[in-house]
Amino acid sequence: MKSGPASAEENSLRLAILGPLRVWRQGAELHLGPPKQQSVLALLLVQAGQPVPLHHLVDSLWGDDPPERAVNVVHRHVGALRRLLEPGLTQRSDAHVLVRAAGGYRLDVGEDAVDLLRFRRLRDAGQEAVESDRPGEAADLLLQALSLRRGPTAASLPPGLRSHTDFAGVDAEFLRAAQAAAAAALASGRTEQALPLLRQAAQEDSLNEALQAGFIRVLAAEGFTAQALEQFQRIRTRLADELGVDPGPELRAAQAHVLRGTASPADDTPPATSAAPAHGDRSPALVRPAQLPADLRVFTGRREEIEHLDSLLTAGTHTAVTIGGTPGVGKTTLALHWAHRTARRFPDGQLYINLRGYDPAGDPLTPSMAICYFLESLGIPSERIPSGLDSQTALYRSVLARRRCLIVLDNARNAEQVRPLLPGNPACFTVVTSREQLTGLVASAGASLLNVDVLTVADAFDFLTRRLGRARVERSREAALAIVEHCGRLPLTLAIVCARAGSRPTAPLADIASELERSRDSLQAFTLSGASDPVTDTRSVFSWSYRALTGHAADAFRRLWLSPSHTVSLQAAASLTGLPMRRTRQVMSELHRASLWIEYRSGHYSTHELLKKFSQELSRAEDAEGVVEGARQRLYDHYLHTAHNASSAINTHREHPTLPAAAPGTQVMTFAGNAYAADWLHHEMPALHAIAVRDADNGAGVRPWRLAAVLELILDRSGRRQEQTEIQSAALLAAQRAGDTRGQAQMHRSLGFALGRTGQRAQAANHLGKALEFFSEEGDLLGEALSHRYMAFLKNAGEAHGEALTHYEAALALYRKAHHEIGIASVTNEVGWTRILMRDYEGAVEHCRQAVRIAHRIGNLNVEAASWDSLGVAHHRLGREPEALRALHRALGHYRSLNDAYLIADTLVHIGNVHSTASPDKARQSWTEALEILDSLGHPEGDLIRERLKDIDGGPR
Numbered sequence: 013m014k015s016g017p018a019s020a021e022e023n024s025l026r027l028a029i030l031g032p033l034r035v036w037r038q039g040a041e042l043h044l045g046p047p048k049q050q051s052v053l054a055l056l057l058v059q060a061g062q063p064v065p066l067h068h069l070v071d072s073l074w075g076d077d078p079p080e081r082a083v084n085v086v087h088r089h090v091g092a093l094r095r096l097l098e099p100g101l102t103q104r105s106d107a108h109v110l111v112r113a114a115g116g117y118r119l120d121v122g123e124d125a126v127d128l129l130r131f132r133r134l135r136d137a138g139q140e141a142v143e144s145d146r147p148g149e150a151a152d153l154l155l156q157a158l159s160l161r162r163g164p165t166a167a168s169l170p171p172g173l174r175s176h177t178d179f180a181g182v183d184a185e186f187l188r189a190a191q192a193a194a195a196a197a198l199a200s201g202r203t204e205q206a207l208p209l210l211r212q213a214a215q216e217d218s219l220n221e222a223l224q225a226g227f228i229r230v231l232a233a234e235g236f237t238a239q240a241l242e243q244f245q246r247i248r249t250r251l252a253d254e255l256g257v258d259p260g261p262e263l264r265a266a267q268a269h270v271l272r273g274t275a276s277p278a279d280d281t282p283p284a285t286s287a288a289p290a291h292g293d294r295s296p297a298l299v300r301p302a303q304l305p306a307d308l309r310v311f312t313g314r315r316e317e318i319e320h321l322d323s324l325l326t327a328g329t330h331t332a333v334t335i336g337g338t339p340g341v342g343k344t345t346l347a348l349h350w351a352h353r354t355a356r357r358f359p360d361g362q363l364y365i366n367l368r369g370y371d372p373a374g375d376p377l378t379p380s381m382a383i384c385y386f387l388e389s390l391g392i393p394s395e396r397i398p399s400g401l402d403s404q405t406a407l408y409r410s411v412l413a414r415r416r417c418l419i420v421l422d423n424a425r426n427a428e429q430v431r432p433l434l435p436g437n438p439a440c441f442t443v444v445t446s447r448e449q450l451t452g453l454v455a456s457a458g459a460s461l462l463n464v465d466v467l468t469v470a471d472a473f474d475f476l477t478r479r480l481g482r483a484r485v486e487r488s489r490e491a492a493l494a495i496v497e498h499c500g501r502l503p504l505t506l507a508i509v510c511a512r513a514g515s516r517p518t519a520p521l522a523d524i525a526s527e528l529e530r531s532r533d534s535l536q537a538f539t540l541s542g543a544s545d546p547v548t549d550t551r552s553v554f555s556w557s558y559r560a561l562t563g564h565a566a567d568a569f570r571r572l573w574l575s576p577s578h579t580v581s582l583q584a585a586a587s588l589t590g591l592p593m594r595r596t597r598q599v600m601s602e603l604h605r606a607s608l609w610i611e612y613r614s615g616h617y618s619t620h621e622l623l624k625k626f627s628q629e630l631s632r633a634e635d636a637e638g639v640v641e642g643a644r645q646r647l648y649d650h651y652l653h654t655a656h657n658a659s660s661a662i663n664t665h666r667e668h669p670t671l672p673a674a675a676p677g678t679q680v681m682t683f684a685g686n687a688y689a690a691d692w693l694h695h696e697m698p699a700l701h702a703i704a705v706r707d708a709d710n711g712a713g714v715r716p717w718r719l720a721a722v723l724e725l726i727l728d729r730s731g732r733r734q735e736q737t738e739i740q741s742a743a744l745l746a747a748q749r750a751g752d753t754r755g756q757a758q759m760h761r762s763l764g765f766a767l768g769r770t771g772q773r774a775q776a777a778n779h780l781g782k783a784l785e786f787f788s789e790e791g792d793l794l795g796e797a798l799s800h801r802y803m804a805f806l807k808n809a810g811e812a813h814g815e816a817l818t819h820y821e822a823a824l825a826l827y828r829k830a831h832h833e834i835g836i837a838s839v840t841n842e843v844g845w846t847r848i849l850m851r852d853y854e855g856a857v858e859h860c861r862q863a864v865r866i867a868h869r870i871g872n873l874n875v876e877a878a879s880w881d882s883l884g885v886a887h888h889r890l891g892r893e894p895e896a897l898r899a900l901h902r903a904l905g906h907y908r909s910l911n912d913a914y915l916i917a918d919t920l921v922h923i924g925n926v927h928s929t930a931s932p933d934k935a936r937q938s939w940t941e942a943l944e945i946l947d948s949l950g951h952p953e954g955d956l957i958r959e960r961l962k963d964i965d966g967g968p969r
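Numbering (the numbering used here), first residue to last: 13 to 969.
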């Protein structure tokens, strides 16, 4: 906001975005001009007080296909808005409301002039009242905030512009506030005022189980028991129809609450401080993964195989089955079809992962990578996942111990890759597909073996009939049978032929059969086996379909093998092709119609490993080396820059490496919030790992260490020490081969920190010492400062606190020299914690207070929360219980807003420690909530809290 006094004209302005976009000046409503101009205002308004870059405005208004003079058009709209909002300004005046800032524009208006800013002020005050245990005041403030909304954000804009993520983010803020308001209203008895506002929110987000549970409880509290039960049934039906899942614990508890006939929330309603998490939070109590890729619209044959799978599940004698067979025979299709048929028998969810056992573009996934992916999918925050495969496997099996889940492990290389991924709970069932028989799983895991052969002639003929129409096939029965044989009766090749034949509805099947016959002799350069091998016929079909592609689509097909995964996003595909996004979408649609790359969800495509191998062979035969290297560079830059933006959105308290400009034609994604960024990282981590290691092994100069440096923050947050060490070791070798001093400094520092995390202190100190030397030689102040902090962390772990303080002093001096306030705040808090370890509690209080002030001033919630927590612990050690509780509750509130489950539990433990002597009931309450969180995470610290609860329950009450 503006620091100076508002002008008279500014005070006369009122702007509304919570509903239709409207503006009043001196009480008269203004006509806001054409839709694009209104959209510019709306985009500035949702970020009022913050600069909005010009490129963000252009991308938001025109997407991937802006006009040539898009920037000039934005400038004209801004000029018109200035004249509209401040008609008294002359051309030479400085704008008071709409100003140029940071390569874009900023809307500077008073907080009372904008409904969104008033909403946020009331919401934050309400949340503070929640944290201070003032539910009545919290309910009043939160309901006042909700009452400001008159519909979806920017509802008057055209649908295409209205759906922008900036506006969706504001809608999500409203829904989260509604969840908190429901809890506060129930806790304070203000349900009458809450009911109409919650009804509106519940209608908008019908699949938000936490919000619906709160609404049901409020209905019951107001005496509308029948409506509450009807609402439960309505949501239950929608969850089953749209997601294929049953109601979760919160909804089931709300139903039980209503059935008991209790209107008071005191017995089982979560307190207001436990308002449901924001979208993107992965609380294990709520997450029921539904990861199965889409089932085929038309599925043919396999009756005996399906009956066999059904019998295994019914008999309960096996907990796993391995489906083996030749490539392209339809193993994955069968597994997914059967999984969709039986999904309802697994109410706790369905997990799916492609293990990339034979992917030509990358190595198979390691068991550790697959388990980390599953754990995050099951709700375990990435930073709480332990290092080491044994610990990860134990946590994975513990999380599944109380669940009934279906697990599909696709494209496995061998039994060793699969064995750690098998749950120990017999209520779960695992389906594995592989080219191998995996007989090793029969003895060790009690798996059943199912071999899938090519389709029978009758089923293959039925395959054609279902896709091309009975009349067309029956008219050319002999040609259809010839096509079946040319395709080797493989479902993959039959699907490709049907896709092309479907695009030529008037072409006789006899012509298509003749074309396939001629294609047999056109693949000598690609043939790896004899003419009788089905793979040879597969290549013939591939070639026949490939030659029918247009130029850009054929080029794209030859580039896409470079994707490190069997899937690719539209942005990654555009980077590989170098085409604009709009043209790339058209190209990918052509490949989808040809069944060469299938769009399995909007903007995401997958293919078979044989097709990737075929495209790789084509590329090596037809593409110049420079063309392939250019595509590889753009793909690398897509992952590098997008991962950098995602990590920056999540880890706001950490420094991030500066990157060179991306290669022309690279598509780089940006993230408006950390939930979207975390989701992208979660799904793309296997690809990021594969491309980082592959690039480092190729020794491509300075490139590998940059991606490894970006991934350092992500992997450390995820607790993936094995992957972190592997990537950074490879990148260090590449930097050493290239003689890149800066890269060596970065990787020595990253390796030192990772090794220190796993207790390898001597090796860690060696790497960190080399990092300090390199950063000092380079004059990199921030790199040197962070290396000192890592060294201090290592010294504290070895209880050499004096040496730790020496490193912190050096880091602080470097941050001050660089004017880096986040670093200053972080080090100040870390010094405070070191003082706690040294039992210098007064010194700790002084440093932690200073860290709080700095972090609050610069608006960094991560560092401020950590500093409040440290301050609370220091006050407790000094016997200042009121001060300790005030500080710890501030930390708790911040951690809840950040959705950091483990640190919420950690602060609750500290709060319980403060209460343990004078107020054992309050201690019990804090520790119990902490224990529930730790148990949901499968965290070993839960056992310590259990012991404390036993002690306190055995004492006086």
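All residues carry an ideal CB built from backbone N, CA and C; glycine is no exception.
A residue is called buried when at least 16 other Cβ atoms come within 10 angstroms of its Cβ; Gly764 meets this threshold and is buried. In the same chain as Ala494, and ignoring 5 residues on each side of it, the C-beta atoms closer than 7 Å to its own belong to Ala525, in chain order. Secondary structure note for Arg773: it is in no beta strand (DSSP E), and the uninterrupted alpha helix (DSSP H) holding it is 773 to 790.
With respect to the 7 Å criterion, Cys384 and Ile365 are not classified as neighbours on the basis of their beta carbons. Only buried fits Ile610, as 16 or more other CB atoms lie within 10 angstroms of its CB. Rounded to the nearest angstrom, the gap between the Cα atoms of Asp422 and Ala192 is 41 Å. Unbroken alpha helix (DSSP H) runs of no fewer than 4 residues, entirely contained in the segment 589 to 627, are found at 593 to 605, following chain order.
Annotated three-state conformation of Val111 is strand, per DSSP. In this structure, the beta-carbon distance from Arg801 to Ala823 falls below 7 Å. Taking 4 residues as the minimum length, the alpha helix (DSSP H) runs contained wholly in the segment 860 to 914 are 873 to 889, 893 to 910, in order along the chain.
Secondary structure note for Leu223: its alpha helix (DSSP H) is the uninterrupted segment 221 to 233. In the DSSP assignment, the residues bridged to Asn366 are Asp422. Assigned with DSSP and collapsed to three states, Pro359 falls in coil, not helix or strand. Boundaries for Trp573: no alpha helix (DSSP H) harbours it, and the DSSP string shows neither H nor E there. For Leu25, the uninterrupted beta strand (DSSP E) run begins and ends at 25 to 28, by DSSP.
By the C-beta density criterion, Leu346 is buried, having at least 16 other C-beta atoms within 10 angstroms.
Taking the CA atoms as reference points, Leu794 sits about 13 Å from Glu785. Taking the Cβ atoms as the reference, Ala658 lies roughly 27 Å from Leu603, outside the contact range of under 8 Å. Taken atom to atom, the span from the alpha-carbon of Thr326 to that of Ala690 is near 38 Å. Within the same chain, and ignoring the five residues on either side of Thr678 in sequence, the residues whose Cβ sits closer than 6 Å to its Cβ are Ser587, Arg646, Asp649, His650. Sequence-distant Cβ neighbours of Thr596 in its own chain, meaning closer than 8 Å and more than five residues away, are Ala568, Leu582, Ala585, Ala586, Thr589. Its Cα nearest to that of Gly181, the residue Leu55 stands out among Gly563, Leu55, Pro305. When C-alpha distances from Ala720 are compared across Glu833, Leu223, Leu671, the shortest belongs to Leu671. Beta-bridge partners of Ser460 (DSSP): Val333. The straight-line gap separating the alpha-carbon atoms of Ser614 and Trp74 is approximately 19 Å. Distance from the CA atom of Leu434 to the CA atom of Leu219, rounded to whole angstroms, is 31 Å. Minimum Cα-Cα distance from Arg37 among the listed residues Leu27, Ile964, Glu242, Gly924 corresponds to Leu27. According to DSSP, residue pairing for Pro65 in a beta bridge involves Gly116. Between the alpha carbons of Asp474 and Ser607 lies a distance of about 19 Å. Around Val464, the same chain offers Arg314, Glu317, Ile335, Gly336, Gly337, Val341, Gly342, Lys343, Leu346 as residues with beta carbons nearer than 8 Å, after the five sequence neighbours per side are excluded. Leu480 is the residue among Ala424, Ala150, Pro301, Leu480 whose C-alpha sits nearest the C-alpha of Leu506. DSSP lists Leu418 as the beta-bridge partner residues of Phe441. His176 counts as buried, since at least 16 other C-beta atoms from the protein chains shown sit within 10 angstroms of its C-beta. The alpha-carbon separation between Ala867 and Ala837 amounts to approximately 6 Å. Cα atoms of Ser389 and Pro305: separation of roughly 15 Å, rounded to the nearest angstrom.
For the pair Leu767 and Gln756, the Cα-to-Cα distance works out to about 16 Å.
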